[in-house]
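Visitor:
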Amino acid sequence: MQVIDPPEVAPVQIKKPILQQDSEGTDVIELQSLLRYWDAYSSTVDGVFDSEVHQAVCAWQHRVFLPENGIVDCLTWHTLYTGGPVNMPVLRLGSNGEAVIILQALLQKVGFYWHQTKSGSYSEFDTLTEVAIKDFQCRCGLVSDGVVGFYTWRALSKLPH
98 MQVIDPPEVA PVQIKKPILQ QDSEGTDVIE LQSLLRYWDA YSSTVDGVFD
148 SEVHQAVCAW QHRVFLPENG IVDCLTWHTL YTGGPVNMPV LRLGSNGEAV
198 IILQALLQKV GFYWHQTKSG SYSEFDTLTE VAIKDFQCRC GLVSDGVVGF
248 YTWRALSKLP H
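Per our numbering, the very first residue in the sequence shown carries number 98; after that it's consecutive.
1) Exposed or buried, what is H175 when buried is set at 16 or more other beta-carbons lying within 10 Å of its beta-carbon?
2) Rounded C-beta distance between V245 and L188? I'm assuming under 8 angstroms.
3) Is it right to say L200 is buried, meaning 16 or more other beta carbons lie within 10 angstroms of its own, or is it exposed?
4) Between the Cα of H151 and the Cα atoms of V183, N166, Y178, which residue gives the shortest distance?
5) For G243, which of L225, L128, P257, I168 has the nearest alpha-carbon?
6) Quick one: Cα of S139 to Cα of S130, how far?
7) Assuming R160 and S220 are in contact, meaning their beta carbons sit under 8 angstroms apart, how far apart are those beta carbons, in whole angstroms?
8) Hey, how far is the Cα of A153 from the Cα of G144?
9) Could I get the ranges of all uninterrupted alpha helix (DSSP H) runs contained in the region 137–163, with 4 residues as the minimum, in chain order?
10) Report the residue from D147, V183, G238 whose alpha carbon sits nearest the alpha carbon of D57.
11) Enumerate in chain order the residues of its own chain whose CB-to-CB distance from Y248 is below 6 angstroms, with the five nearest sequence positions on each side excluded.
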(Lines of atoms letter the chains of each structure in order from A and count residues from 1; the text may use other names and numbers.)
(Lines give C-alpha, C1' and ligand atoms only; values in the text may rest on other atoms or scores of the structure.)
Protein backbone atom coordinates (compact mmCIF):
# COMPACT_ATOMS: atom_id res chain seq x y z
CA MET A 1 0.00 0.00 0.00
CA GLN A 2 1.53 3.30 -1.09
CA VAL A 3 0.09 6.56 0.17
CA ILE A 4 0.56 9.49 -2.21
CA ASP A 5 1.56 12.86 -0.73
CA PRO A 6 1.41 15.30 -3.65
CA PRO A 7 2.24 19.03 -3.45
CA GLU A 8 -0.84 19.65 -5.55
CA VAL A 9 -3.05 16.82 -6.67
CA ALA A 10 -2.91 16.16 -10.37
CA PRO A 11 -5.33 13.78 -12.05
CA VAL A 12 -4.10 10.26 -11.39
CA GLN A 13 -5.34 7.11 -13.00
CA ILE A 14 -5.82 4.57 -10.26
CA LYS A 15 -6.66 1.20 -11.69
CA LYS A 16 -8.68 -0.37 -8.92
CA PRO A 17 -12.02 -2.15 -9.15
CA ILE A 18 -15.24 -0.52 -8.07
CA LEU A 19 -16.17 -1.98 -4.70
CA GLN A 20 -19.49 -1.98 -2.88
CA GLN A 21 -21.32 -3.90 -0.22
CA ASP A 22 -20.91 -7.69 -0.65
CA SER A 23 -17.59 -7.32 -2.52
CA GLU A 24 -14.86 -9.64 -1.25
CA GLY A 25 -11.17 -10.26 -1.74
CA THR A 26 -7.75 -8.67 -1.62
CA ASP A 27 -8.98 -5.31 -2.91
CA VAL A 28 -11.39 -5.13 0.03
CA ILE A 29 -8.48 -5.95 2.36
CA GLU A 30 -6.61 -3.02 0.83
CA LEU A 31 -9.68 -0.80 1.23
CA GLN A 32 -10.09 -1.79 4.88
CA SER A 33 -6.38 -1.21 5.50
CA LEU A 34 -6.49 2.26 3.94
CA LEU A 35 -9.60 3.19 5.91
CA ARG A 36 -7.88 1.96 9.06
CA TYR A 37 -4.71 3.93 8.19
CA TRP A 38 -6.79 7.12 8.02
CA ASP A 39 -8.63 6.25 11.27
CA ALA A 40 -11.92 5.76 9.45
CA TYR A 41 -12.33 2.04 10.24
CA SER A 42 -11.50 0.06 13.35
CA SER A 43 -13.07 -3.33 12.72
CA THR A 44 -11.58 -6.54 11.33
CA VAL A 45 -9.54 -6.46 8.12
CA ASP A 46 -10.96 -9.62 6.58
CA GLY A 47 -11.66 -8.84 2.92
CA VAL A 48 -15.43 -8.70 3.32
CA PHE A 49 -17.27 -5.48 2.36
CA ASP A 50 -20.03 -5.66 4.97
CA SER A 51 -22.26 -3.01 6.53
CA GLU A 52 -19.44 -1.78 8.81
CA VAL A 53 -17.18 -1.21 5.81
CA HIS A 54 -20.07 0.48 4.00
CA GLN A 55 -20.57 2.87 6.93
CA ALA A 56 -16.83 3.57 7.08
CA VAL A 57 -16.73 4.31 3.34
CA CYS A 58 -19.71 6.68 3.64
CA ALA A 59 -18.06 8.45 6.59
CA TRP A 60 -14.80 8.73 4.62
CA GLN A 61 -16.63 10.09 1.58
CA HIS A 62 -18.32 12.68 3.78
CA ARG A 63 -14.95 13.64 5.26
CA VAL A 64 -13.41 14.23 1.82
CA PHE A 65 -16.45 16.04 0.38
CA LEU A 66 -17.65 13.25 -1.93
CA PRO A 67 -21.21 11.98 -2.36
CA GLU A 68 -21.86 9.48 0.44
CA ASN A 69 -22.97 6.45 -1.55
CA GLY A 70 -20.72 3.76 -0.05
CA ILE A 71 -19.39 2.81 -3.48
CA VAL A 72 -15.60 2.86 -3.80
CA ASP A 73 -14.96 4.22 -7.27
CA CYS A 74 -11.79 5.71 -8.80
CA LEU A 75 -12.27 9.05 -7.04
CA THR A 76 -12.81 7.42 -3.64
CA TRP A 77 -9.69 5.26 -4.16
CA HIS A 78 -7.75 8.42 -5.06
CA THR A 79 -8.78 10.13 -1.82
CA LEU A 80 -7.78 7.05 0.15
CA TYR A 81 -4.31 7.07 -1.43
CA THR A 82 -3.80 10.81 -0.81
CA GLY A 83 -5.51 11.09 2.55
CA GLY A 84 -7.72 14.00 1.62
CA PRO A 85 -10.04 15.60 -0.89
CA VAL A 86 -8.83 15.47 -4.49
CA ASN A 87 -11.66 17.18 -6.32
CA MET A 88 -11.75 20.52 -4.50
CA PRO A 89 -10.60 23.64 -6.32
CA VAL A 90 -7.79 25.94 -5.23
CA LEU A 91 -9.44 28.92 -3.56
CA ARG A 92 -8.08 32.37 -2.87
CA LEU A 93 -9.19 35.96 -2.39
CA GLY A 94 -11.88 36.67 -5.02
CA SER A 95 -12.92 33.04 -5.55
CA ASN A 96 -16.61 32.25 -5.34
CA GLY A 97 -19.04 29.37 -5.66
CA GLU A 98 -20.08 26.21 -3.86
CA ALA A 99 -16.57 25.34 -2.62
CA VAL A 100 -16.31 28.75 -0.94
CA ILE A 101 -19.65 28.11 0.77
CA ILE A 102 -18.32 24.76 2.04
CA LEU A 103 -15.10 26.42 3.20
CA GLN A 104 -16.84 29.23 5.07
CA ALA A 105 -19.33 26.85 6.69
CA LEU A 106 -16.48 24.64 7.94
CA LEU A 107 -14.53 27.61 9.27
CA GLN A 108 -17.64 28.99 10.95
CA LYS A 109 -18.51 25.63 12.52
CA VAL A 110 -15.14 25.46 14.28
CA GLY A 111 -15.00 29.12 15.25
CA PHE A 112 -12.60 30.59 12.71
CA TYR A 113 -15.17 32.60 10.73
CA TRP A 114 -18.13 34.64 11.96
CA HIS A 115 -19.14 36.76 8.97
CA GLN A 116 -22.46 36.32 7.25
CA THR A 117 -23.82 38.42 4.41
CA LYS A 118 -27.10 40.32 4.68
CA SER A 119 -28.86 37.64 2.66
CA GLY A 120 -27.65 34.96 5.08
CA SER A 121 -25.59 33.18 2.45
CA TYR A 122 -21.91 33.13 1.71
CA SER A 123 -20.11 32.47 -1.55
CA GLU A 124 -17.35 35.03 -1.98
CA PHE A 125 -13.83 34.46 -0.69
CA ASP A 126 -13.46 37.90 0.86
CA THR A 127 -10.80 39.41 3.13
CA LEU A 128 -12.54 38.02 6.23
CA THR A 129 -12.34 34.53 4.72
CA GLU A 130 -8.68 35.10 3.89
CA VAL A 131 -7.89 36.16 7.47
CA ALA A 132 -9.78 33.14 8.83
CA ILE A 133 -8.00 30.68 6.54
CA LYS A 134 -4.58 32.19 7.33
CA ASP A 135 -5.32 31.76 11.03
CA PHE A 136 -6.47 28.18 10.42
CA GLN A 137 -3.36 27.42 8.34
CA CYS A 138 -1.09 28.86 11.01
CA ARG A 139 -2.72 26.78 13.76
CA CYS A 140 -2.37 23.66 11.61
CA GLY A 141 1.32 24.25 10.92
CA LEU A 142 0.70 24.96 7.24
CA VAL A 143 2.08 27.79 5.13
CA SER A 144 -0.16 30.70 6.08
CA ASP A 145 -0.69 32.16 2.61
CA GLY A 146 -4.50 32.39 2.54
CA VAL A 147 -4.69 30.04 -0.45
CA VAL A 148 -6.75 26.88 0.01
CA GLY A 149 -4.95 24.12 -1.87
CA PHE A 150 -4.54 20.38 -1.30
CA TYR A 151 -2.88 20.53 2.13
CA THR A 152 -5.38 23.06 3.48
CA TRP A 153 -8.33 21.04 2.12
CA ARG A 154 -6.82 17.93 3.72
CA ALA A 155 -6.57 19.73 7.09
CA LEU A 156 -10.13 21.05 6.68
CA SER A 157 -11.40 17.55 5.89
CA LYS A 158 -10.30 16.43 9.35
CA LEU A 159 -12.63 18.95 11.00
CA PRO A 160 -16.05 17.76 12.13
CA HIS A 161 -18.59 18.54 9.46
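Glycine included, each C-beta is placed from N, C-alpha and C at the ideal position.
Since we're looking at a predicted model, the values are computed, not measured.
Guide: In this structure, then:
1) With 16 or more neighbouring CB atoms inside 10 Å of its own CB, H175 falls in the buried class.
2) That pair is a contact at about 4 angstroms.
3) The C-beta of L200 has 16 or more other C-beta atoms within 10 Å across all chains shown, which makes the residue buried.
4) With distances taken between Cα atoms, H151 lies closest to N166.
5) Of L225, L128, P257, I168, the residue nearest in Cα terms is L225.
6) Computed Cα separation, rounded: 9 angstroms.
7) Not confirmed; about 23 angstroms, so no contact.
8) One C-alpha to the other measures close to 14 angstroms.
9) Assignment of alpha helix (DSSP H) within the region 137–163, counting only whole runs of 4 or more residues, yields 148–160 in chain order.
10) Absent from the structure is residue 57, since the part of the chain shown begins at 98 and ends at 258.
11) Here the set comprises L239.
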